[in-house]
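Report on the structure given below.
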Amino acid sequence: MSLETSLEALEQGFRRHGYMAERPLITALFLLLRLGRPLLLEGHAGVGKTETAKVLAALLGVDLIRLQCYEGLDVNAAVYEWNYQKQLLALKAQEHAPRGQETAIFGREFLLERPLLQAISREDAPAVLLIDEVDRADEEFEAFLLELLSDFQITVPEIGTIRARHRPHVILTSNRVRELSDALKRRCLYHWIEYPEAAKELEIVQVKVPELGEPLALQVVSLVQALRGLRLEKPPGVAETLDWALALLALGQTRIDRDVIAATQGCLLKSTADFQVLARHIDALLAQPNA
Amino acid sequence: MPHPHSFENPGPEITAALSDALREKIVGFSALARAAGLKGGLGVSQDACRVAALFLIEDFAAFRDAMRSLMCLSQEQLPIFDRLFQGYWCPADATEMLQPPSRRLVERTQAGTLHELTLAQADAERASEETSALAGASDVDLSGRTDLTPAAEAELAEMERLARRLWERMRIPLPRRLAGWMRRRHLHMRRTWRRNLCHGGELLHLVLSGKSPRKPRLVLLLDVSGSMENHSLSLLRLVHALQRRFRNVSSFAFNTRLVELTPALRAKRWDAALRAMSSLSLGWNGGTRIGECLGLFARHHAGRLLRRDTVFVVLSDGLDTGDPELLGDHMRSFHARVQRIVWLNPLLSIEGYEPLARGMAAALPFVDVFAPVYDSTLPGLERRIAD
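Chains as they are written, first to last, in the working numbering: chain R, 1 to 291; chain V, 1001 to 1387.
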């Protein structure tokens, strides 16, 4: 059954690849495939935004092209760059070549394709283009991206306009470090990925770390859920839950107590202020049911 | 790999005809969403019709999720959408059903802010009571001070001039394509190459990229408690002027709570900005708890706003009733994250003032620039912020 014909097929496909997606996310991905609009995924760190794109690419059987954004990202790093060394060598070689064998030094073979150009240059099938942490790029890059997402074509002055044969499926992720421009948000479908409920998170842990065993998995999940309720600088995401589960497995622990938490707290929390908060609340956390 | 059905070639089920009544209802919902500040309009209506053809009959929950993805722009809008959707598509009884925007809803939305709309309950009367109560309380505070003495007027003009000068010094336009390159002095490959094409590829001239001055970001926290009453208005004017000129300025007001002023102060005209601010529930002129407000800032905004190139400016007299240790702790953590902390204290222009108040004293070790707000040190202030 083709993925684009039903939500169930898409959801089953994601499960097969180990990603337990909520229905609203599946619906948004379905619209991405059907309507051809880019999808903006927002959410806290570690909830699975990047993972969504990876699984989608694997499911569709196409390449994942990833562009990691940062402040100061410019056209050279994102779209294309000329291979100066090769051009220089070609020029030197031409000095001694007989007349009539000159090659143009601004041809496609001298062009280094960066992610955005790669994404629109696919010959056989549309790729999945992941633009990760787009909120870290600056406003100028966003304006450029908007242009690209409207027309799916790139103009290289020396070569001409390169149009996409197959429009890529575009997923943008953002941690909300900076507000994105309204124009870009309006271009995209929107989905907010929230932390999962306890039952869902338990399912995730059991699928990803099956050797952990249910009682310990239950303890892990209920502790992490309680931690998210505290006022932390960096609340743990699902990625941290899985890291902690793997750490417990690696250390051969079978139950969680103060010492275990103290030894492995680096998996869950990422700042000393948060360690202090944990230390203050550790008795209350351990006294919970399932903990 | 078969091409997925897409925007350009919709599958057969998408082009199935929707009834006219249903299409009208969808367009009405789109208009309602647009009036509430969500995405709406022609493109969205068209996509919504396609979505309805896909989902509406078989899977209502999927229809709702799909419309949510189409219409929301941010996490804050999710509850607004849910409320609108519930009221429009599945009201409990006919009287609660939301109609496509009547003049009244559109007018109320245009007059106020999204803040007012989120306050609105299904009961329209209660909503309009609330908004007029909010507007009333702070109107009294601010409008009473809009008629100014000539001396105060001169002060405001001085603020405008200062803001303009700061803007001129700090605004640095960089062409987009070069922005990434110009970080440090190194060989600028592309320019070198172009420069030497005339020499047939021999690199006779090397072009180095220069150091680029960076646009600093400003974060301004303004104390609007009772003790700052005389200065609040003119400082607000300064903040407004700064915000109009710089892109990366965020401003907040605090006394016992913290409120973000940035969207309200984006209005070009001063009276529009005042109107926007009056709808913010701040409670002007209360007491002060600086430490707690800094804590609120740290929790909700610091991660987003404080970076290594940020200049953090606090405009306050430092008199507060909160915990000075908390204040010191937060100032310490901010100091580690930003380029510079500037504390502007209007009391400094008073002869013989010493920062003995516990709050002020706790914050002082972490302040890079401690200066009065007005008078002859204005050029100095400008230099300090712009450096």
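Glycine residues also receive a C-beta, built at the ideal position from the N, C-alpha and C atoms. Since the structure is predicted, the reported quantities are computational estimates derived from the model, not experimental observations.
How far does the beta strand (DSSP E) with residue i in it reach, from first residue to last?
i, result
"A1253 of chain V", "1249 to 1254"
"F1312 of chain V", "1310 to 1315"
"G61 of chain R", "Premise fails: G61 of chain R is in no beta strand (DSSP E) and is neither H nor E."
"E1024 of chain V", "Looking at the DSSP string, E1024 of chain V is not in any beta strand (DSSP E); the run it does join, the alpha helix (DSSP H), is 1020 to 1035."
"R163 of chain R", "160 to 163"
"L1221 of chain V", "1217 to 1223"
"S174 of chain R", "169 to 174"
"F1370 of chain V", "1369 to 1371"
"S1344 of chain V", "For clarity, residue 1344 of chain V is Leu in the given sequence; the question names Ser instead. Run containing L1344 of chain V: 1340 to 1344, per the beta strand (DSSP E) assignment."
"D132 of chain R", "128 to 132"
"E113 of chain R", "111 to 113"
"H191 of chain R", "189 to 193"
"V1259 of chain V", "1258 to 1260"
Quick one: is residue i near chain R, going by C-beta distance under 7 Å?
i, result
"Q1075 of chain V", "yes"
"K1268 of chain V", "no"
"R983 of chain V", "This structure cannot speak to residue 983 of chain V, because chain V is shown only from 1001 to 1387."
"D1065 of chain V", "yes"
"L1018 of chain V", "no"
"T1118 of chain V", "Because the pLDDT at T1118 of chain V is just 35, under 50, the model does not fix this residue reliably, and the value given afterwards should be weighed accordingly. No, T1118 of chain V does not count as interfacial toward chain R."
Using the beta-carbon of each residue, which ones in chain R are nearer than 7 Å to residue i?
i, result
"D1047 of chain V", "L35"
"R1050 of chain V", "L35"
"R1078 of chain V", "Note on residue identity: the sequence assigns Leu, not Arg, to residue 1078 of chain V. Chain R residues near L1078 of chain V: W192."
Which bits of chain V does residue i rub up against, with CB to CB less than 8 Å?
i, result
"Y84 of chain R", "M1189, R1190, W1193"
"R186 of chain R", "K1039, L1073"
"V177 of chain R", "G1303, R1304"
Listing by chain order, which chain V residues have their CB less than 7 Å from the CB of residue i?
i, result
"Y190 of chain R", "S1069, C1072, L1073"
"E42 of chain R", "Q1075"
State the CB to CB distance for the pair residue i and residue j, rounded to an integer number of angstroms; the pair is presumed to be in contact (CB under 8 Å).
i, j, result
"A1363 of chain V", "L1344 of chain V", "With 8 Å as the limit, A1363 of chain V and L1344 of chain V do not qualify as a contact, their Cβ atoms being about 12 Å apart."
"Y80 of chain R", "A137 of chain R", "About 17 Å separates the two Cβ atoms, so there is no contact after all."
"T52 of chain R", "L41 of chain R", "6 Å"
"T50 of chain R", "S1069 of chain V", "Not quite, the Cβ-Cβ distance comes to about 19 Å (not below 8 Å), so this is no contact."
"L1084 of chain V", "A1052 of chain V", "Contact doesn't hold; Cβ gap of about 16 Å is too wide."
"M1277 of chain V", "A1264 of chain V", "5 Å"
"I120 of chain R", "F144 of chain R", "No, I120 of chain R and F144 of chain R are not in contact; Cβ-Cβ is about 14 Å, not under 8 Å."
"L149 of chain R", "V170 of chain R", "6 Å"
"A239 of chain R", "G43 of chain R", "About 12 Å separates the two Cβ atoms, so there is no contact after all."
"L967 of chain V", "F1254 of chain V", "Since the displayed chain V opens at 1001 and closes at 1387, residue 967 of chain V lies outside it and no answer follows."
So which residues of chain R does residue i contact, with C-beta pairs closer than 8 Å?
i, result
"G1200 of chain V", "L91, E95"
At the 7 Å Cβ level, is residue i part of the contact set with chain V, yes or no?
i, result
"A28 of chain R", "yes"
"L196 of chain R", "The sequence given here has Pro at residue 196 of chain R, not Leu. No, its Cβ sits nowhere closer than 7 Å to a Cβ of chain V."
"L31 of chain R", "yes"
"A284 of chain R", "no"
"A127 of chain R", "no"
Taking the alpha helix (DSSP H) that residue i falls in, what are its first and last residues?
i, result
"G43 of chain R", "Where G43 of chain R is concerned, there is no enclosing alpha helix (DSSP H), although the beta strand (DSSP E) it sits in stretches over 39 to 43."
"E140 of chain R", "139 to 151"
"V75 of chain R", "75 to 78"
"Y1088 of chain V", "1077 to 1089"
"V221 of chain R", "214 to 229"
"C1049 of chain V", "1042 to 1055"
"L10 of chain R", "7 to 16"
"C1198 of chain V", "That residue, C1198 of chain V, is in no alpha helix (DSSP H); it is neither H nor E in DSSP."
"F1063 of chain V", "1060 to 1071"
"P1355 of chain V", "Here P1355 of chain V belongs to no alpha helix (DSSP H), and DSSP marks it neither H nor E."
Name the chain R residues that come within less than 9 Å of residue i, Cβ to Cβ?
i, result
"R1299 of chain V", "R231, E233"
List the residues of chain V that residue i touches, going by C-beta distances under 9 Å, in chain order.
i, result
"R23 of chain R", "A1061, A1062, D1065"
"L7 of chain R", "F1055, D1059, A1062"
(message) For the pair the stretch 1335 to 1344 of chain V and the stretch 1306 to 1315 of chain V, tell me if three or more CB-CB distances fall below 8 Å.
(response) Taking 8 Å as the limit for Cβ pairs, the verdict is that the stretch 1306 to 1315 of chain V does touch the stretch 1335 to 1344 of chain V.
(request) Flag this pair as touching only if the stretch 196 to 210 of chain R and the stretch 174 to 187 of chain R have three or more C-beta atom pairs under 8 Å; answer yes or no. (result) no
(message) Across the stretch 1024 to 1043 of chain V and the stretch 252 to 271 of chain R, are there enough close Cβ pairs to call them in contact, namely three or more that are closer than 8 Å?
(response) no
(message) Under 8 Å: do the stretch 234 to 248 of chain R and the stretch 267 to 279 of chain R share three or more Cβ pairs, one atom per stretch?
(response) yes
(message) Between the stretch 83 to 94 of chain R and the stretch 275 to 286 of chain R, can you find at least three pairs of beta-carbon atoms closer than 8 Å?
(response) Contact fails: fewer than three Cβ-Cβ distances are below 8 Å.
(message) Measuring CB atoms only, is the stretch 21 to 36 of chain R touching the stretch 1064 to 1078 of chain V, in the sense that at least three cross pairs come out at less than 8 Å?
(response) yes
(message) Below 8 Å, how does it come out for the stretch 52 to 62 of chain R and the stretch 121 to 131 of chain R: are there three or more Cβ pairs, yes or no?
(response) The stretch 52 to 62 of chain R, when compared against the stretch 121 to 131 of chain R, does touch it at the 8 Å Cβ threshold.
(message) Within 8 Å, do at least three Cβ pairs link the stretch 1227 to 1236 of chain V to the stretch 1323 to 1332 of chain V?
(response) no
(message) So, does the stretch 87 to 97 of chain R touch the stretch 153 to 168 of chain R, judging by three or more C-beta pairs under 8 Å?
(response) no
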